[in-house]
Each structure stands twice: as structure tokens, then as C-alpha cells.
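Novice: Going by our numbering, the first residue of the sequence shown is number 2, and it counts up by one from there.
Ideal Cβ placement from N, Cα and C applies to all residues, glycine included.
Quick caveat: nothing in here was measured; it's all calculated off a predicted structure.
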Amino acid sequence: MIPVSTHSKTLIAALALLFAMAASPSVAQELVASDAVVSDEIAPDVPEISRDPSDLAPDLRPIDEDVANTALVFTNWSGRDTAILCVAFNGEGRSIGRRWIKVPSNGTKYMLASDLSEGRDFVGNAQCTGEARIHGTAVFLGAGFSDLPVANVDHRGDGRIRFPLVATY
Numbered sequence: 002m003i004p005v006s007t008h009s010k011t012l013i014a015a016l017a018l019l020f021a022m023a024a025s026p027s028v029a030q031e032l033v034a035s036d037a038v039v040s041d042e043i044a045p046d047v048p049e050i051s052r053d054p055s056d057l058a059p060d061l062r063p064i065d066e067d068v069a070n071t072a073l074v075f076t077n078w079s080g081r082d083t084a085i086l087c088v089a090f091n092g093e094g095r096s097i098g099r100r101w102i103k104v105p106s107n108g109t110k111y112m113l114a115s116d117l118s119e120g121r122d123f124v125g126n127a128q129c130t131g132e133a134r135i136h137g138t139a140v141f142l143g144a145g146f147s148d149l150p151v152a153n154v155d156h157r158g159d160g161r162i163r164f165p166l167v168a169t170y
């Protein structure tokens, strides 16, 4: 086995993610092809994620540099609290997990890709919906960190967010 530095592993992972992004259909095509993939109802059996934005700082610099994750960050631009339901899909398009998060009025909350997959490794996408003006941001976390593309769509007053690439391993 050839020894590989942590920096090289991060570079390899980033290149793999960029390749996956280039190989997938454009976000615009996905939005046109699928108007409502995620249910607007919060199912009672779907666990809630409750992470405070101040908890993100330790996640930005993980102790184990061989671990990578994606932070899905939500900002609520409306004057009311809102629940956001997210569904994660693996590379084959199969649903692998559902979670919801409550974001306070004019507040920010986040969840991790590992929350959606219950800690299992995966590379895929996530689709989220909420009943207010919400804005999503994605940050790839590892030995370094980088922002990832996100599609934010206002759909008849509801916020729809497509994270075309999320990963945890």
C-alpha cells in the first residue's frame, strides 16, 4: 500500500466530488424534471435535528482529518419559525434518510450529511422544503473546507432547496 498524506486524501476526495458534480445533470434540469420530490408534510416518525450555529465551529476543524462531512446550513428570512424537511439520496437515487430541523424566524440552523444518513458513508444529494422564505448553503468539511453549489427556489411561497452534492465518509 502506498502511504498517502491527509492533504492528498482531502485533495483526492475534493476531485472525486468535483467529478461527481460534473457527471450529474444540471441543477436547472433537475428542478424542471421534478417539481415536488420531498413531501411538504413533516412525518411524526422523522427525527428532528437540533444543532445550534455555534456548534458549527468545532465541526469546521474535525479532530480526525480522515473524516469528511457536509454541513447543510439553513437561514430563515421570514418573520415566523419554520420546519424544514430534508431527504438524502445516494448515488443510485435511493432515499437513505429523512430528518427535519426547526429554524427560528430570521435565524440560522444546520444539519450534517451524517445526520441524514445515520452515520453511514455516502455521496449523493439532498432535497429540502420548508413553509417560509429559507435559504440554503452547503459547506464541505474535512481537513479543509469549501462551499458547494446549492439551488434555492421559491415555490409558491415555500422554500425548496436542492443540494446537488453532499457527502460523508
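Count the other CB atoms within 10 Å of the CB of arginine 157; is the residue buried (16 or more) or exposed (fewer)?
Specialist: By the neighbour-count rule (16 or more Cβ atoms within 10 Å), arginine 157 is not buried but exposed.
Novice: Among Asp46, Leu86, Val74, Thr138, which one has its Cα closest to the Cα of aspartate 56?
Specialist: Nearest C-alpha to aspartate 56: Val74.
Novice: Hey, quick one: how far does the beta strand (DSSP E) through aspartate 122 stretch, first residue to last?
Specialist: First-last for aspartate 122: undefined, no H or E at that position.
Novice: Residue range of the beta strand (DSSP E) that aspartate 148 falls in?
Specialist: Where aspartate 148 is concerned, the enclosing beta strand (DSSP E) stretches over 146-149.
Novice: Glycine 80: which of Asp53, Asp46, Gly108 sits nearest, CA to CA?
Specialist: It is Gly108 whose Cα lies nearest to the Cα of glycine 80.
Novice: Taking Cβ positions only, does valine 167 come closer than 8 Å to chain B?
Specialist: Protein chains in the displayed structure number just one, and chain B is not present.
Novice: Under a three-way DSSP split, which group does proline 165 fall into?
Specialist: Strand at proline 165.
Novice: Taking the beta strand (DSSP E) that serine 96 belongs to, which residues open and close that run?
Specialist: Note, serine 96: beta strand (DSSP E), 96-104.
Novice: Start and end of the alpha helix (DSSP H) containing alanine 139?
Specialist: It is not in any alpha helix (DSSP H) - alanine 139 instead sits in the beta strand (DSSP E) that spans 135-142.
Novice: With aspartate 116 as the anchor, note down where its alpha helix (DSSP H) starts and where it stops.
Specialist: 114-117 is the extent of the alpha helix (DSSP H) around aspartate 116.
Novice: Quick check on alanine 23: does DSSP put it in helix, strand or coil?
Specialist: Confidence in alanine 23 is poor, its pLDDT being 40 and thus under 50, which makes the residue's placement unreliable; the coordinate value appears in the next sentence. In this structure, alanine 23 counts as helix in the three-state DSSP scheme.
Novice: Aspartate 46 by DSSP, collapsed to three states: which one?
Specialist: Coil, per DSSP.
Novice: Under DSSP, the beta strand (DSSP E) around alanine 89 begins and ends at which residues?
Specialist: It spans 83-91 - the beta strand (DSSP E) in which alanine 89 sits, taken as one unbroken run.
Novice: Exposed or buried, what is aspartate 148 when buried is set at 16 or more other beta-carbons lying within 10 Å of its beta-carbon?
Specialist: Classification of aspartate 148: exposed, given that the 10 Å Cβ count is below 16.
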